[in-house]
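No gaps in the numbering here: position 157 of the sequence shown is 237 in the working numbering, and each next residue is one more.
Each residue gets a CB set at the ideal place from its N, CA and C atoms; glycine is no exception.
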Amino acid sequence: MKRTCFFGTFLATVLCAALNVASAAEDDFAYPPTISVEDVRSWIDKAPTEHPRLLATGAQLAALRDSGAGDPVKTALKQAVIHQAKLLQDAAPVTRTLQGRRLLGQSRRCVSRVVVLATAYHLTGDVAHVRRCEKEMLAAARFTDWNPSHFLDVAEMTFALAIGYDWLYQELDEAARKEIREAIVQKGVILPWETRHKGWVRAGNNWGQVCHGGLTAGALAVMEHEPDLAARTVHNALHNVTHSMRSYAPKGSYPEGPGYWSYGTSYNVLLIGVLESALGTDFGLSKAPGFDRTGAYLSLMCGFSGQFFNYADGGSRRSPQPALFWFASRYDRPDWLLGERQRLQAYALGLASTRGPSDGNRLLPLALLWMDDPGSDPTIRMPLHWQGEGETPITVHRGSWTDPRATFLGFKGGSPSASHGQMDIGSFVLDADGVRWAVDLGAEGYHGIESRGMNLWSRAQNSDRWTIFRQRNAGHNTLMIDGQLQRASGNGPIIRFSDDPAFPHSIVDMSSVYQGQAESVWRGVALLDSRNVLIQDHLTGLKPGSRVRWGMITPGVPEVLGKASVELRQKDARLTLEILSPRAATWQVIDTATPRNEWDSPNRGTCMIAMEAVAPESGELVLAVLATPGEDADSTGRQIKLRPLEAWSRP
């Protein structure tokens with residue numbers, strides 16, 4: 081395990097020595113942690129009580145001012161932090177204003193402001209940033225509560241005040257320290273022990289990571305004043321965040337998609353970071369199966385369009401993630417940062433030129449703690465073809481890591497009833513020539529649905545969730561049989577995956593997702609010649625006369641319709657879709673831009689390219705579509721000889 085030291089020679093020596101002690105301590109712990117609360121208390125009793133101690137020491141924070149000289153990325157980020165801190169001087173502090181049932185927007189705003197202001201102080205020494213941060217924290221501390229009925233709100237607010245209290249401790253007056261400390265305890269850390277607000281404790285999704293991370297930061301910030309509470313909080317996190325961390329096994333995938341990876345994993349990194357910095361060990365958490373591989377996940381999920389394979393309730397837009405720098409340094413994998421420094425620099429330059437404060441990317445300044453000095457271009461060790469074998473089965477196939485015109489294909493199995501699941505089993509996204517051709521529309525806004533009294537979170541077949549266009553299979557790149565929904569409780573496993581360069585492919589068995597509509601439904605996708613994509617379906621047991629719709633949502637503009645081949649255009653790029661089976665089928669366009677219901681958002685600039693096939697008396701159908709980017713479409717389709725999906729993995 082590599083740990084990079086990022087300050088000057090003397091500080092680097094001190095830091096490496098400290099980290100070697102931490103490493104030795106970590107070697108004493110296995111995963112999952114089994115430590116008792118009494119033993120956690122003994123670690124707290126012997127821990128140093130100096131502030132700062134969360135994520136960094138005072139010396140490490142002071143060293144940020146001169147670190148990274150000559151590194152344009154660090155320089156841009158420092159300038160952005162200082163610029164944003166200056167803009168905050170005249171901004172009003174957060175208020176206890178809920179949106180629906182959530183205070184989360186205000187909690188996240190507080191995190192963003194506190195991290196920016198506290199970092200700016202250590203970069204400049206300007207106490208004006210301390211006073212403004214103190215004002216922000218006191219405003220939040222005086223809220224009646226931090227909305228514990230939606231506990232993410234509490235967790236993020238606790239983290240915000242913990243970082244500000246710890247990083248600025250020496251500059252805060254005693255009255256402010258006391259008020260902030262009491263708020264951290266009474267409005268945050270103590271709630272799971274003295275109130276009913278503890279349903280998240282054993283959560284298996286991002287809630288567990290965020291809530292345990294935020295509360296542990298709060299507990300360790302005040303541990304000399306509340307050692308018993310700190311011990312119980314740390315013990316609680318160590319024994320229960322494992323329910324969320326099991327999602328990384330075995331290959332580092334994340335069941336809730338890349339958007340929620342950024343949320344949950346960032347707080348998981350913060351949890352490990354505050355434990356190691358304050359107590360000298362993470363008690364074995366970082367040894368969770370797959371956690372040492374998840375640093376590759378965001379790169380694996382992103383094509384050359386710059387967009388994510390955004391399954392589950394997430395958007396496709398990619399922004400820089402400071403946690404990636406932690407992973408790359410921790411596990412000596414600079415290739416996991418593919419394009420990340422450029423993304424970070426561009427984002428920071430944008431922040432440095434804004435005229436108003438930004439609440440986005442609230443943890444971004446923490447990248448300064450975790451960034452290594454830039455080296456030469458790393459050898460890319462990530463695979464071109466990858467299968468995530470976790471709770472939500474997915475695969476990706478790509479033609480290249482370095483050719484910006486390369487084809488990228490993301491393919492999804494799983495169940496609609498998964499956390500943040502949608503009826504997208506068999507759906508895919510497709511990039512070629514640097515643009516996204518097959519899109520996932522992402523999530524519908526939560527508040528707009530909830531404010532109508534609709535039950536967004538029930539996974540029952542008759543749930544309001546499945547009346548939302550973006551959640552149902554009608555709004556995804558998959559099949560519809562007689563206009564019916566996929567079965568919410570069904571599950572589509574990836575039954576075959578090949579990374580053989582001669583014929584990389586994946587097959588999902590969607591039969592249980594279409595139970596009652598067909599006996600067997602398989603979908604296979606293959607990347608041909610590293611460029612063209614074949615999507616092939618085999619359905620049996622259909623009712624004669626059943627109508628099966630194949631659809632792909634795209635921002636591409638279709639040319640001539642009503643034929644077996646259609647060309648899509650986006651500026652100078654083009655993609656041709658050719659129906660190989662059934663030969664009599666032709667392409668049509670379905671409007672996806674116009675909302676279906678008053679609660680649906682518009683999907684501007686999109687349409688669905690679709691074809692429909694009617695089941696014969698045998699009840700068996702084979703649907704096959706070839707997607708060819710660029711100028712090669714005229715002859716490629718004629719060269720394809722379809723094989724049954726059962727034979728795909730055989731020579």
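The beta carbons of residue 491 and residue 478 sit no closer together than 7 Å.
In this structure, residue 592 keeps its C-beta atom at 7 Å or more from the C-beta atom of residue 558.
In the DSSP annotation of this structure, the continuous segment of the beta strand (DSSP E) that includes residue 632 starts and ends at 627 to 634. Judged by DSSP secondary structure, residue 560 falls outside any alpha helix (DSSP H) and instead within the beta strand (DSSP E) spanning 559 to 561. Annotated as distal: residue 328 and residue 389, with beta-carbon spacing of 7 Å or more.
Bounds of the alpha helix (DSSP H) holding residue 314 are 307 to 320. Going by C-alpha positions, residue 397 is about 11 Å away from residue 381. Taken in chain order, the complete beta strand (DSSP E) segments of 3 residues or longer contained in the stretch 441 to 494 are 465 to 468, 474 to 478 and 488 to 492. At a cut-off of 3 residues, the continuous stretches assigned as beta strand (DSSP E) that sit fully inside the stretch 632 to 663 are 645 to 650 and 653 to 661. For residue 443, the closest of 160, 689 and 376 by C-alpha to C-alpha distance is 160.
Within the same chain, and ignoring the five residues on either side of residue 112 in sequence, the residues whose Cβ sits closer than 6 Å to its Cβ are 322.
Exposure of residue 207 is indicated by the presence of fewer than 16 other C-beta atoms within 10 angstroms of its C-beta. If you ignore the 5 residues before and after residue 124, its C-beta comes within less than 6 Å of the C-beta of 303, 307, 310 and 311, all in its own chain and listed in chain order. In the DSSP annotation of this structure, the continuous segment of the alpha helix (DSSP H) that includes residue 408 starts and ends at 402 to 410. Apart from the 5 residues on each side of it in sequence, residue 350 sits with its Cβ closer than 6 Å to the Cβ of 293 in its chain, given in chain order. Assigned with DSSP and collapsed to three states, residue 698 falls in coil, not helix or strand. Annotation: residue 319 to residue 325 spans about 11 Å, alpha carbon to alpha carbon. Looking at 637, 362, 421 and 631, the one whose alpha-carbon comes closest to that of residue 659 is 631. Looking at the DSSP output, residue 691 shares a beta bridge with 630. Around the beta carbon of residue 509, a 10 Å sphere encloses 16 or more other beta carbons of the protein chains shown; the residue is thus reported as buried.
Taking C-alpha positions only, residue 234 is separated from residue 181 by approximately 13 Å.
In terms of Cα proximity to residue 236, the closest of 184, 700 and 364 is 184.
Shown here for residue 330: same chain residues with a beta carbon closer than 7 Å to its own, the five before and five after excluded, namely 369, 370 and 469 in chain order. Annotation: residue 395 to residue 194 spans about 26 Å, alpha carbon to alpha carbon. Scanning its chain for C-beta atoms nearer than 8 Å, with the 5 sequence neighbours on each side dropped, one finds around residue 669 the residues 638, 641, 687, 688, 689 and 690, in chain order. With 16 or more other Cβ atoms from the protein chains shown falling within 10 Å of its own Cβ, residue 466 counts as buried. Straight-line measurement puts the Cα of residue 232 at about 7 Å from the Cα of residue 287. Taking the Cα of residue 386 as reference, the smallest distance to any Cα among 345, 601, 338 and 247 is reached at 338. Secondary structure note for residue 359: its alpha helix (DSSP H) is the uninterrupted segment 337 to 359. Non-local beta-carbon contacts of residue 513 in its own chain, meaning distances under 7 Å to residues more than five positions away in sequence, involve 485, 653, 709 and 710 in chain order.
Annotation for residue 617: the continuous beta strand (DSSP E) segment containing it runs 612 to 620. Under DSSP, residue 586 shares a beta bridge with 577 and 605. For residue 345, the number of other beta carbons within 10 angstroms of its own is at least 16, and it is reported as buried. Its chain contains 496, 503, 505, 553, 593 and 594 as the residues whose beta carbon lies nearer than 7 Å to that of residue 566, once the 5 sequence neighbours on both sides are disregarded; these appear in chain order. The bridge partners DSSP lists for residue 708 are 656.
DSSP places residue 233 inside the alpha helix (DSSP H), whose first and last residues are 231 to 247.
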